[in-house]
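Numbering (the numbering used here), first residue to last: 910 to 993.
We put the beta carbon where it would ideally sit given N, CA and C, even for glycine.
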Ligand code: SF4
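Below, the structure written as C-alpha cells:
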C-alpha cells in the first residue's frame with residue numbers, strides 16, 4: 910500500500926532566525942534626537958539631518974532587547990514594535 914507525502918512548503922520553519930517583529934517609526938513625531946541610533950546602531954542609522962533610517966527587515970532576536978529600549982527611551986515616543 911502506497912502512502913502519499915504532503916509537501917507543505919508554505920509552512921514557517923521553526924528555525925526561522927527572525928522574530929517577525931518590525932520596528933516602526935512615526936516620522937510625524939520624530940524630533941531627530943538620535944538616541945535610537947545610539948541604542949540600536951545595528952538596525953538604525955541616521956540621515957544627514959540626524960533623522961533615523963530604520964532597516965527594512967525584521968528585528969533579529971538578539972537585538973530585540975535593544976529595540977525595546979529604543980522604543981521606551983525615545984523622547985518623542987516615535988518608535989513602536991509590531992509583529993510576533
Ligand atoms: S530617538 Fe525618537 S525622536 Fe529621536 S531620532 Fe530616534 S525616533 Fe526620532
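**Q.** residue 978 to residue 985 span [Cα, whole Å]
**A.** 13 Å
Q) Are the Cβ atoms of residue 937 and residue 968 separated by less than 8 Å? A) no
Q. Any heavy atom of ligand 1 within a distance shorter than 7 Å of the CB on residue 944?
A. yes
**Q.** residue 958 versus 941, 972, 971 and 987, residue with shortest Cα-Cα distance
**A.** Looking at the Cα atoms, 941 is the closest of the given residues.
Q) residue 947 lies in the alpha helix (DSSP H); which residues open and close that run? A) For residue 947, the enclosing alpha helix (DSSP H) stretches over residues 944–948.
Q | Among 955, 989, 962 and 954, the one whose alpha carbon lies nearest that of residue 973 | A | 989
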